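Read in our numbering, the sequence shown has 104 at position 52, and its numbers run on one by one without any break.
Note that the Cβ used here is the ideal one computed from N, Cα and C, for glycine as well.
Model, not experiment: these values are computed from the prediction.
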Amino acid sequence: PQKLNVWTRTCSRGTIGPFFIDGDLNAEKYENLLRDHIIPEIENLFDANMQNVSFQQDGAEPHFAVRVREFLNRAFP
C-alpha cells in the first residue's frame, strides 16, 4: 500500500500547509519540508519576525534527528 503523510498547522495568523510527503517521513524529508515550505510560510505569516515565533514538535523520530535540530536552532535562534 502507498503511504502519504500530511503536514498542516493553524495558528493565530492563519493556516500553514497542507504539505504532502510521499512515503515514510524521515529526517531528510522533514528538513527539506521545513526549509523549502514550512519556514518560508511562517516567515510570510509573521513578516519575517521570527523572534515572535515558537515552534513546537511532537515526539516523532524525524523531529529529533541531529540535522533537523541543528536546522531549527538556526531558524529559531
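Contact annotation: the segment 73-85 does not touch the segment 97-106, with fewer than three C-beta pairs closer than 8 Å. The alpha-carbon separation between residue 57 and residue 71 amounts to approximately 8 Å. Within the same chain, 55 come within 7 Å of residue 76 by CB-CB distance, once the 5 residues on both sides are set aside. Classified as buried, residue 120 has 16 or more neighbouring CB atoms from the shown chains inside 10 Å of its CB. Under the three-state reduction of DSSP, residue 128 is assigned to coil, being neither helix nor strand.
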